[in-house]
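Using our numbering, you'd call the opening residue of the sequence shown number 72 and step up by one each time.
By construction, the Cβ of each residue, glycine as well, lies at the ideal position given by its N, Cα and C atoms.
For reference, the structure is listed below as structure tokens.
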Amino acid sequence: MRPEELYIYKALRKVGAQSSQALEIGSGLSLSAWQNDGGYAVYERASHHTLSYYLQGGKGTRRHNGDKSLGKGHPGAVCIMPAGVRSEWSIEAPFKFMHLYFDQAEFDRIALESYDIDPSLVSLEDVAFRSDPVIEQLFRQIIVPLDWQNPADKMSLSHAGQLLIQHLFRCYTNKTAEPEFIRGGLPPYVAKRVKDYIEAFLDQGLVLEDLSTVAELSPFHFTRMFQRTMGTSPHQYVLTRRVQRAKDLLGDSQKTLSSIAFQCGFSSQSHMATRFRKATGLTPRKFRQLS
72 MRPEELYIYK ALRKVGAQSS QALEIGSGLS LSAWQNDGGY AVYERASHHT LSYYLQGGKG
132 TRRHNGDKSL GKGHPGAVCI MPAGVRSEWS IEAPFKFMHL YFDQAEFDRI ALESYDIDPS
192 LVSLEDVAFR SDPVIEQLFR QIIVPLDWQN PADKMSLSHA GQLLIQHLFR CYTNKTAEPE
252 FIRGGLPPYV AKRVKDYIEA FLDQGLVLED LSTVAELSPF HFTRMFQRTM GTSPHQYVLT
312 RRVQRAKDLL GDSQKTLSSI AFQCGFSSQS HMATRFRKAT GLTPRKFRQL S
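This is the structure:
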């Protein structure tokens, strides 16, 4: 689900909002970062759901119902715009915000696979300008610091997106539910299949859904079962394997650092150096010299 093809994204562009980056992070799941300096936006026929989080400013942004004001924004404000719900917004001062877009199929899948609830009985709440520390933490501490253009960070972004939707389901629907947990870890043959897949596609922008599909599990259950089996999260495991592959390739003095970075799924030599140094305490160049 490419964000540029979605109704809300297109509507924002029409009123002059600027998107600094946008990324599909899974089937039916994508992110975009925005700045809007002014205007009036009306959303009335979105076929997808939208979660909005205000990064900076927002006090000049109001939601309206005709002539009636329904409140104004603030830094940290959370808005939820369910598919098909009409809303009107006026912007009187610049502000920065982020959107998570997800389609009904993704929301239905979570209802069935994680909660064992008939999706037709679940409705997402329409929310304007609420504060939510869980949503704030996921955006500010995980999504914002990551490099959206780096394949090595794509799995962390997809995991954060899944956590956000899980939180919306638990806290912003008409159903009070806790996810159905599957006890135990991955069967050995499934764990091997997943690890083999990671090794085969380590140079690409893996997302959580890729691995859960290989395991034939929902992303929610896969993450928990993988962590129980491997002792670490899927995105941390993938990063560890990328660093290890870099170590192996650094032993070949004929390979350039930039070519090694791309073979390991890093977007650039500098990004590999940052991750490598954080994991080992050494730069790739220094590691090569000492090997």
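Taking C-alpha atoms, which residue in S158, A262, R299 and G147 lies nearest to S140?
S158
How big is the Cα-Cα spacing for P290 and L328?
34 Å
In whole angstroms, give me the CA-to-CA distance for M343 and G128.
34 Å
Secondary structure, alpha helix (DSSP H): runs of 4+ residues fully inside the stretch 127-190
175-184
Buried or exposed: L361, going by 16 or more other Cβ atoms within 10 Å of its Cβ?
exposed
Within its chain, find whatever has a CB closer than 8 Å to the CB of H135; leave out the 5 residues flanking it on each side and keep chain order.
L141, E159, W160 and S161
Any idea which residues DSSP pairs N245 with across the strands?
Beta-bridge pairing links N245 to no other residue.
Residues near E163 in its chain [Cβ-Cβ closer than 8 Å; skip 5 each side]
G109, G131, T132 and R133
The beta strand (DSSP E) with V278 in it runs from where to where?
From DSSP, V278 is part of no beta strand (DSSP E); its letter is neither H nor E.
Among the candidates K263, R316, L217 and F240, whose CA atom is the shortest distance from the CA of F358?
R316
Return yes when at least one heavy atom of the ligand MN lies under 7 Å from the C-beta of S103, else no.
The ligand MN is not part of this structure, which contains no ligands at all.
Inter-stretch contact at 8 Å, needing at least 3 Cβ pairs: the stretch 257-267 / the stretch 196-210
no
Starting from the C-beta of K169, find all residues in its chain whose C-beta is less than 8 Å away, skip the five residues before and the five after it, and write them out in chain order.
Per the sequence shown, the amino acid found at residue 169 is Met instead of Lys. Within the same chain, M169 has close Cβ partners L102, S103, A104, W105, S123, Y124, L126, F210, I214 and V215.
Reference S202, options Q325, P146, G336 and V285, closest by Cα:
P146
Starting from A344 and walking both ways along the alpha helix (DSSP H), at which residues does that stretch end?
Q340 to T351
Name the residue from E115, K143, G144 and A148 whose alpha carbon lies nearest to the alpha carbon of G155.
E115
Provide the residue span of the beta strand (DSSP E) that contains R201, from first to last.
V198 to S202
Using CA atoms only, rank isn't needed, just tell me which of L171, L195 and P165 is closest to D179.
L195
How would you write the range of the beta strand (DSSP E) that Q106 sits in, first residue to last?
L100 to N107
Report the rounded CA-to-CA distance for K85 versus L310, giving the unit in angstroms.
39 Å
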